[in-house]
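In my numbering, the protein residues as written are 336 to 660.
All C-beta atoms in this analysis are idealised placements derived from N, C-alpha and C, irrespective of residue type, glycine included.
Treat the numbers as computed from the prediction; the structure is a model and nothing was measured.
Contents: one structure, followed by commentary.
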Ligand SMILES: [Zn+2]
């Protein structure tokens with residue numbers, strides 16, 4: 336509120352109000368406002384055109400921002416390198432490990448699954464450096480996903496490897512009679528003359544001729560399913576279930592060293608050579624079953640024979656002689 340001013344009129348000897356003219360008053364107000372605007376505008380122009388005028392705090396922030404951008408760039412490059420290493424591991428996983436353990440390769444789409452569709456980086460949009468930050472986030476998310484898939488694949492391979500180890504320990508892979516105890520390998524798998532009827536008949540096992548009482552060994556890890564003479568022709572015999580579809584059979588034994596239900600390891604002494612059942616003389620009749628079919632045991636002696644020993648056994652097994660049954 337402006338003060339009312341008076342002046343002394345010497346003619347009327349009284350105080351009179353000083354009346355300001357309205358127009359002049361308005362002019363002063365207008366000029367003041369215009370002046371203020373002009374000053375503001377000039378300051379703004381100066382501020383926008385001379386960056387040196389930034390405050391120390393702004394300068395520090397700007398440097399920090401630049402450093403951040405640089406670091407983001409470096410991180411992105413490092414992530415690219417990690418991606419390359421991971422791609423190499425995935426490649427080996429698909430083409431060596433999974434192949435070796437007979438598992439299907441994991442397709443590229445599955446390793447990268449879950450990155451289409453919804454925009455999961457919406458919150459990061461709308462800033463000057465959004466592109467850089469989104470790119471980094473995306474890269475890291477994809478890396479994480481691929482690592483999880485890779486890790487699961489390795490878990491699967493570990494379990495496959497354990498199975499394979501169990502399989503290798505279980506399959507009947509050694510000769511059931513020690514080579515030095517053999518008189519000779521009497522007869523192999525195939526068409527042979529029956530020692531009793533003299534008729535050609537398929538001989539489903541291998542006959543190892545050895546003196547009565549010669550030790551007989553389990554040819555692989557497993558469980559003794561039978562140790563009895565209730566199977567026609569085999570006499571006292573043992574059947575070992577090795578799992579994975581394999582069973583081995585040891586016939587015409589003189590004595591048992593195991594009982595049904597017992598767990599055995601490859602090389603365990605299970606019985607002794609004899610001539611019980613339908614047999615021509617002391618020998619071990621040995622059979623291998625795979626999924627209930629009898630297969631040639633000759634293909635399984637890679638466990639402990641030298642190449643020369645194997646060759647000799649092979650020669651003998653192929654002779655179409657008379658079996659001992
Ligand atoms: Zn036989």
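How would you label residue i, buried or exposed, when you count the other beta carbons within 10 angstroms and need 16 or more for buried?
i	result
residue 660	buried
residue 367	exposed
residue 353	exposed
residue 527	buried
residue 341	exposed
residue 648	buried
residue 347	exposed
residue 575	buried
residue 556	buried
residue 521	buried
residue 370	exposed
residue 568	exposed
residue 362	exposed
When you compare the CB of residue i with every CB in chain C, is at least one pair closer than 8 angstroms?
i	result
residue 464	Given the protein chain composition of this structure (a single chain), no chain C is represented.
Please report the distance separating the alpha-carbon of residue i from that of residue j.
i	j	result
residue 404	residue 464	8 angstroms
residue 578	residue 637	19 angstroms
residue 609	residue 545	9 angstroms
residue 467	residue 427	31 angstroms
residue 382	residue 376	10 angstroms
residue 394	residue 423	44 angstroms
residue 570	residue 425	56 angstroms
residue 588	residue 437	39 angstroms
residue 434	residue 440	7 angstroms
residue 652	residue 623	15 angstroms
residue 458	residue 398	25 angstroms
residue 409	residue 470	13 angstroms
residue 547	residue 513	14 angstroms
residue 503	residue 612	32 angstroms
residue 497	residue 486	17 angstroms
residue 390	residue 396	10 angstroms
residue 516	residue 604	14 angstroms
residue 378	residue 357	32 angstroms
residue 462	residue 384	23 angstroms
residue 494	residue 628	28 angstroms
residue 482	residue 453	22 angstroms
residue 380	residue 401	25 angstroms
residue 635	residue 582	13 angstroms
residue 561	residue 490	37 angstroms
residue 430	residue 500	21 angstroms
residue 630	residue 593	24 angstroms
Any heavy atom of ligand 1 inside 7 angstroms of the beta-carbon of residue i?
i	result
residue 612	no
residue 529	no
residue 540	yes
residue 572	no
residue 658	yes
residue 583	no
residue 522	yes
residue 516	no
residue 620	yes
So, are the CB atoms of residue i and residue j less than 8 angstroms apart?
i	j	result
residue 478	residue 420	no
residue 591	residue 619	no
residue 414	residue 480	no
residue 658	residue 542	yes
residue 607	residue 532	no
residue 344	residue 338	no
residue 554	residue 601	yes
residue 511	residue 552	yes
residue 573	residue 558	no
residue 525	residue 632	no
residue 580	residue 625	yes
residue 492	residue 407	no
residue 654	residue 530	no
Does ligand 2 have even one heavy atom less than 7 angstroms from the beta-carbon of residue i?
i	result
residue 577	Summarising the ligand content, the structure contains ligand 1 and does not contain ligand 2.
Checklist entry - Is the region 592-602 touching the region 641-656, taking contact as three or more C-beta pairs under 8 angstroms? => result The region 592-602 vs the region 641-656: no contact.
Checklist entry - Touching or not, the region 440-459 and the region 497-516, by the rule of three or more beta carbon pairs under 8 angstroms? => result Too few Cβ pairs lie closer than 8 angstroms, so no.
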